[in-house]
Amino acid sequence: MPRSSRALVLERFGELPRLVSRPVPDRPPGHTLVRVRAAQISHLDLNIVDGQFGILPELPAVPGTEAAGVVVASDVHPEGMEVRIRGGGVGLKRDGGWAEHALVRDEVVVPVPPGTDPALACCFFSPAGTAQAAVHRVAAIQPGERVAVTGAAGAVGALTVQLAARAGAKVFGVVGRRAKLGSVPPPAKPLLVSELTADAVGAPLDAVIDTVGGPVLATALGLVRGRGRVALVGYTAGRELRLDLADFLLADVSLLPVNLMTRGEEVMADADRLLTELNAGELTLPIERYPLDRLDEAAGRLRSGEAVGKVVLEFD
Ligand SMILES: NC(=O)c1ccc[n+]([C@@H]2O[C@H](COP(=O)([O-])OP(=O)(O)OC[C@H]3O[C@@H](n4cnc5c(N)ncnc54)[C@H](OP(=O)(O)O)[C@@H]3O)[C@@H](O)[C@H]2O)c1
Numbered sequence: 001m002p003r004s005s006r007a008l009v010l011e012r013f014g015e016l017p018r019l020v021s022r023p024v025p026d027r028p029p030g031h032t033l034v035r036v037r038a039a040q041i042s043h044l045d046l047n048i049v050d051g052q053f054g055i056l057p058e059l060p061a062v063p064g065t066e067a068a069g070v071v072v073a074s075d076v077h078p079e080g081m082e083v084r085i086r087g088g089g090v091g092l093k094r095d096g097g098w099a100e101h102a103l104v105r106d107e108v109v110v111p112v113p114p115g116t117d118p119a120l121a122c123c124f125f126s127p128a129g130t131a132q133a134a135v136h137r138v139a140a141i142q143p144g145e146r147v148a149v150t151g152a153a154g155a156v157g158a159l160t161v162q163l164a165a166r167a168g169a170k171v172f173g174v175v176g177r178r179a180k181l182g183s184v185p186p187p188a189k190p191l192l193v194s195e196l197t198a199d200a201v202g203a204p205l206d207a208v209i210d211t212v213g214g215p216v217l218a219t220a221l222g223l224v225r226g227r228g229r230v231a232l233v234g235y236t237a238g239r240e241l242r243l244d245l246a247d248f249l250l251a252d253v254s255l256l257p258v259n260l261m262t263r264g265e266e267v268m269a270d271a272d273r274l275l276t277e278l279n280a281g282e283l284t285l286p287i288e289r290y291p292l293d294r295l296d297e298a299a300g301r302l303r304s305g306e307a308v309g310k311v312v313l314e315f316d
């Protein structure tokens, strides 16, 4: 094992972490040392880097709430096992995965099928679990239904499109930027959000799965038939919705929250099955991949909304 390894160390909130060489951490009992192969850069990670989250680490700290790699040393996990790490305060209360060697508690280490792409392993769970919950548990999409998915080139949106189509729905994939029209997975019909009208979808929709929120949600509610459903996943475009309650009652469209935190356990097995299908190429999750020394560019793509799907740091 090398004596030193590289890590992205956050020294001041509001500045990006600095790439440094540091000693490989010593492993106390109850901990597993993982050689990280890939680590996600998520909106949550950037909020932590910016000092804009309710729980913040003591500095200096290594960010990175989700990562994947190989066990180097552990009392409970076999050496060489391919794993992902997530939860238990990783990247939040304690050092995270933006480092070649991550020292984490044994219980946050979860095996992944051998040969899984580490970039996929570190970022699939949230979009896969959320898409599964949205399509099958909350919106309960049925064969033959007409469904719009907003943010359809995003990580959750792209998987939601594919799962809704598999459930037998005719799917419209709605994006905000013209440049992302080509990133909507088939067989969905791509649509620009500025062109999301009753004419564009042809007939009232049975359901909308909205990953964007704000004014897009207000538009979506108006396109759904009586007794139809709108499942809300995210609110990147705005966290408020103004409703005329008389119109809302008259329209009789159910507005349903999708919350992975409350549904994580119930979709866990499905998310693992989806990982196998993603790794086999039977489903696609868009991933932008960056080496450690291009954190700046990767974070910029995520912050600006230009990134297509997940953004991942790959280690040599
Ligand atoms: N409810 C839950 O349990 C749960 C679980 C996971 C994720 N989420 C939330 O779901 C949302 C989607 O997650 P994701 O992983 O799919 O994110 P993502 O890959 O970053 O996709 C978000 C999409 O939102 C669109 N968008 C619309 N307005 C935007 C704006 N003002 N700024 C940036 N993007 C904007 C972008 O597409 P266009 O450029 O085409 O507009 C982008 O593709 C996020 O808000 C996330 O926090 C919720």
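Residues in the sequence shown are numbered from 1 upward in steps of one, following the UniProt record's numbering. Note that beta-carbon positions come from the ideal geometry of N, C-alpha and C, so glycine has one too.
Quick one: give me the first and last residue of the beta strand (DSSP E) that aspartate 247 is part of. In the DSSP assignment, aspartate 247 falls outside any beta strand (DSSP E) and within the unbroken alpha helix (DSSP H) covering 245 to 251.
Start-to-end residues for the alpha helix (DSSP H) that takes in proline 118: Annotation: the continuous alpha helix (DSSP H) that includes proline 118 extends over 118 to 121.
Judging by CA-CA distance, which residue of Ala133, Ala99 and Glu15 is the nearest neighbour of methionine 261? Closest in alpha carbon position to methionine 261, among Ala133, Ala99 and Glu15, is Ala133.
How do the segment 47 to 63 and the segment 23 to 34 stand: do at least 3 beta-carbon pairs fall below 8 angstroms, yes or no? No, the segment 47 to 63 does not touch the segment 23 to 34.
So for glycine 214, helix, strand or coil by DSSP? Glycine 214 falls in the helix class under three-state DSSP.
Skipping 5 residues on each side, what residues in its chain have a beta carbon closer than 8 angstroms to that of glutamate 195? Close CB contacts of glutamate 195 within its chain, under the 8 angstroms cut and outside five residues either way in sequence, are absent.
Which class does proline 127 belong to by DSSP, given the choice of helix, strand or coil? Secondary structure at proline 127: helix, using DSSP grouped into helix, strand and coil.
Hey, is threonine 236 close to ligand 1, as in C-beta under 7 angstroms from one of its heavy atoms? Threonine 236 Cβ: within cutoff of ligand 1.
Straight-line CA distance for arginine 3 to leucine 33? So the two alpha carbons sit approximately 13 angstroms from each other.
How about leucine 223 and alanine 140: are their beta carbons less than 8 angstroms apart? Going by C-beta atoms, leucine 223 is not nearer than 8 angstroms to alanine 140.
To the nearest angstrom, how far is the alpha carbon of alanine 198 from that of proline 204? If you draw a straight line from the Cα of alanine 198 to the Cα of proline 204, it comes to about 7 angstroms.
Check the C-beta distance from leucine 275 over to alanine 179 and give it rounded, since I have them as a contact under 8 angstroms. Actually they are not in contact, since the Cβ atoms of leucine 275 and alanine 179 sit about 28 angstroms apart, beyond 8 angstroms.
Here's the rule: buried if 16 or more other CB atoms are within 10 angstroms of the residue's CB, otherwise exposed. What is aspartate 206? The residue in question, aspartate 206, is buried, as its Cβ has 16 or more Cβ neighbours within 10 Å.
List the endpoints of the continuous alpha helix (DSSP H) containing alanine 231. In the DSSP annotation of this structure, alanine 231 is not part of any alpha helix (DSSP H); the continuous beta strand (DSSP E) holding it starts and ends at 224 to 232.
Run the proximity test for methionine 261: is its beta-carbon closer than 7 angstroms to any non-hydrogen atom belonging to ligand 1? At least one heavy atom of ligand 1 lies closer than 7 angstroms to the C-beta of methionine 261.
Taking one C-beta from the segment 85 to 97 and one from the segment 150 to 159 each time, how about it: are there three or more such pairs within less than 8 angstroms? Touching, no, given that fewer than three Cβ pairs across the two stretches are closer than 8 angstroms.
Do three or more CB pairs link the segment 283 to 290 to the segment 154 to 171 at distances below 8 angstroms? Yes: the two stretches touch, three or more of their Cβ pairs being nearer than 8 angstroms.
Evaluate glutamine 52 with the Cβ neighbour count: other Cβ atoms within 10 Å of its Cβ, from every protein chain shown; 16 or more gives buried, anything less gives exposed. Around the beta carbon of glutamine 52, fewer than 16 other beta carbons sit within 10 angstroms, so the residue counts as exposed.
May I ask you to report which of helix, strand or coil DSSP gives residue 324? The question about residue 324 has no answer, for the chain in this structure spans 1 to 316.
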